[in-house]
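Colleague: These protein sequences, in sequence, are chains X and S.
Mapping of the first sequence onto our numbering: residues 63 to 172, in sequence order.
Mapping of the second sequence onto our numbering: residues 3 to 117, in sequence order.
Where a beta carbon is used, it is the ideal one built from N, C-alpha and C, also for glycine.
Structure provided below as structure tokens; questions to follow.
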Amino acid sequence: QQPVQSPQAVILREGEDAVINCSSSKALYSVHWYRQKHGEAPIFLMILLKGGEQKGHDKISASFNEKKQQSSLYLTASQLSYSGTYFCGTATSGTYKYIFGTGTRLKVLA
Amino acid sequence: NAGVTQTPKFQVLKTGQSMTLQCAQDMNHEYMSWYRQDPGMGLRLIHYSVGAGITDQGEVPNGYNVSRSTTEDFPLRLLSAAPSQTSVYFCASTRTSGATTDTQYFGPGTRLTVL
Chain X
63 QQPVQSPQAV ILREGEDAVI NCSSSKALYS VHWYRQKHGE APIFLMILLK
113 GGEQKGHDKI SASFNEKKQQ SSLYLTASQL SYSGTYFCGT ATSGTYKYIF
163 GTGTRLKVLA
Chain S
3 NAGVTQTPKF QVLKTGQSMT LQCAQDMNHE YMSWYRQDPG MGLRLIHYSV
53 GAGITDQGEV PNGYNVSRST TEDFPLRLLS AAPSQTSVYF CASTRTSGAT
103 TDTQYFGPGT RLTVL
């Protein structure tokens, strides 16, 4: 079953913050975050591992709550280039299967 | 270093036709996978491979076949195309040792329409 992302869509003004959540019904080993521009392939943002620390680079960071099987992506001081659809990709222990979330469409306005 | 390449970029088929989508990577990655993405939807795993000669099914394998005779190539075969297989197909690769902990690199996609 696909992880559920929330919100489904969000519109921001440049400089505003956003949080995207990814929730799974299965015990997760790792969570990956990707951004996809229209008509393009997904681009990797970051990976969070079970037992690992919160990660981030520049103004994008993420956390992984193992007890709740949830991950959150934090976008700070959003830029126009942040527009796109964000997907979480999840993997459970002992499997090589990635299962992607339902996606969150994010649009940043000037 | 070309990364992950896919051919063709666009394809139109008639119902019942068969074809092979090509995927190749030059990063010596053991793990390769195929996804389909329907309009406004997320990516769904079709098949994956953890090395030459080893393949397994993903979430939506019906109507598709794969084989992995070399590390570099992972073709996806549509046996008898149906309109429900109209989609964008992405191939991806990563190192097997980090199949669930490393970056997946995606190809540019193949846009398939079945009439």
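Taking Cβ positions, are alanine 54 of chain S and threonine 72 of chain S nearer each other than 8 Å?
Modeller: Going by C-beta atoms, alanine 54 of chain S is nearer than 8 Å to threonine 72 of chain S.
Colleague: Three or more C-beta pairs under 8 Å: does that hold for the region 70-81 of chain X against the region 97-108 of chain X?
Modeller: Judged by Cβ distances under 8 Å, the region 70-81 of chain X makes no contact with the region 97-108 of chain X, as fewer than three pairs qualify.
Colleague: Taking DSSP as the reference, what is the three-state secondary structure of tyrosine 144 of chain X?
Modeller: Three-state DSSP puts tyrosine 144 of chain X in a helix.
Colleague: If we call anything under 8 Å between Cβ atoms a contact, is leucine 114 of chain S one with serine 82 of chain S?
Modeller: Against a cut-off of 8 Å, the Cβ pair of serine 82 of chain S and leucine 114 of chain S comes out as no contact.
Colleague: So, at 7 Å on beta carbons, what are the nonlocal neighbours of asparagine 30 of chain S in its own chain, with the 5 sequence-adjacent residues on each side left out?
Modeller: Thr73, listed in sequence order.
Colleague: At a Cβ threshold of 8 Å, is alanine 103 of chain X touching chain S?
Modeller: It does; some Cβ of chain S falls within 8 Å.
Colleague: Counting C-beta neighbours from all protein chains within 10 Å, is the total for glutamine 63 of chain X 16 or more, i.e. buried, or is it exposed?
Modeller: Classification of glutamine 63 of chain X: exposed, given that the 10 Å Cβ count is below 16.
Colleague: Exposed or buried, what is threonine 112 of chain S when buried is set at 16 or more other beta-carbons lying within 10 Å of its beta-carbon?
Modeller: That one is buried.
Colleague: If I'm right that tyrosine 33 of chain S touches arginine 97 of chain S with Cβ under 8 Å, what's the distance once you round it to whole angstroms?
Modeller: About 7 Å; that satisfies the 8 Å criterion.
Colleague: Sort S:Leu15, S:Thr103, S:Ser20 and S:Glu61 by Cα distance to proline 77 of chain S and report the nearest one.
Modeller: Per the Cα distances, S:Ser20.
Colleague: Three-state secondary structure (DSSP) at glutamine 70 of chain X?
Modeller: The answer is coil: DSSP assigns glutamine 70 of chain X none of H, G, I, E or B.
Colleague: Please go through the region 124-170 of chain X and give each complete beta strand (DSSP E) segment of 3 or more residues, from N-terminal end onward.
Modeller: List check, beta strand (DSSP E) in window: 132-137 and 146-153.
Colleague: Note the first and the last residue of the continuous beta strand (DSSP E) segment covering methionine 34 of chain S.
Modeller: Looking at the DSSP string, the run of the beta strand (DSSP E) that includes methionine 34 of chain S is 33-39.
Colleague: Helix, strand or coil, according to DSSP, for serine 69 of chain S in the structure here?
Modeller: DSSP places serine 69 of chain S in coil when its eight states are reduced to three.
Colleague: With a threshold of 16 other CB atoms inside 10 Å of the CB of threonine 17 of chain S, please say whether the residue is buried or exposed.
Modeller: So threonine 17 of chain S ends up on the exposed side.
Colleague: In chain order, what are the residue ranges of uninterrupted beta strand (DSSP E) at least 3 long that sit wholly in the region 70-109 of chain S?
Modeller: Counting whole runs of 3 or more residues, the region 70-109 of chain S contains the beta strand (DSSP E) stretches 78-80 and 89-96.
Colleague: Could you tell me the boundaries of the beta strand (DSSP E) in which glycine 53 of chain S lies?
Modeller: First-last of the beta strand (DSSP E) with glycine 53 of chain S: 45-53.
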